[in-house]
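Each remark here refers to the structure printed beneath this line.
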Amino acid sequence: MLILTTDNVPGKKITEVYGLVKGSTIRAKHVGKDIGASFKHLVGGELTGYNEMLTEARQIAIGRMADDAKSKGANAIIGFRLTSAAVMQGAAEMLAYGTAVFVEDCE
Numbered sequence: 001m002l003i004l005t006t007d008n009v010p011g012k013k014i015t016e017v018y019g020l021v022k023g024s025t026i027r028a029k030h031v032g033k034d035i036g037a038s039f040k041h042l043v044g045g046e047l048t049g050y051n052e053m054l055t056e057a058r059q060i061a062i063g064r065m066a067d068d069a070k071s072k073g074a075n076a077i078i079g080f081r082l083t084s085a086a087v088m089q090g091a092a093e094m095l096a097y098g099t100a101v102f103v104e105d106c107e
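Just so you know, we're using the numbering used here here: the sequence shown kicks off at 1 and counts up by one.
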């Protein structure tokens, strides 16, 4: 699955537009990682536990979006965006979205 932030695919033509596709996940902090992050906050540095959690959340959201596009017959996603939001104390949603399209080589 080709995923682009642009609205077109260089060297290809869009022959079908399937519309909005999305994927999301909500992830919560692990208590142990939260305690470690609290100590790191005091002394400074990267919060690796949170970084790992957000990396995993991005991968899951993008994978679900790609699955949504494949189920519609698309072979590419254009206009890709990724956003996150806190949904409650200690939990965040990661949302991936874009436009599912079918692209072919230009002739």
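Built from N, CA and C at the ideal position, the CB exists for glycine as well. Since the structure is predicted, the reported quantities are computational estimates derived from the model, not experimental observations.
Rounded distance between the beta-carbons of residue j and residue i, thought under 8 angstroms
i: K70; j: Y18; result: The pair is not a contact, with the Cβ atoms about 10 angstroms apart (cut-off 8 angstroms).
i: I3; j: F80; result: 5 angstroms
i: A74; j: S24; result: Rounded, the Cβ-Cβ distance is 18 angstroms, inconsistent with contact.
i: C106; j: K13; result: 5 angstroms
Beta-bridge partners of residue i, as assigned by DSSP
i: M94; result: T25 and S84
i: T99; result: L20 and I78
Reduced DSSP category for residue i - H, G, I as helix; E, B as strand; rest coil
i: K13; result: strand
i: E104; result: strand
i: L117; result: The requested residue 117 is not part of the displayed model; the chain covers only 1 to 107.
i: Q59; result: helix
i: G73; result: coil
Chain-order list of residues whose beta-carbon lies under 7 angstroms from that of residue i (same chain, five-residue window excluded)
i: P10; result: none
6 angstroms CB neighbourhood of residue i in its chain, flanking five on each side removed
i: E16; result: F102
i: L82; result: A96
Proximity below 9 angstroms, CB of residue i to CB of residue j
i: E93; j: A100; result: no
i: G98; j: I78; result: yes
i: R58; j: A28; result: no
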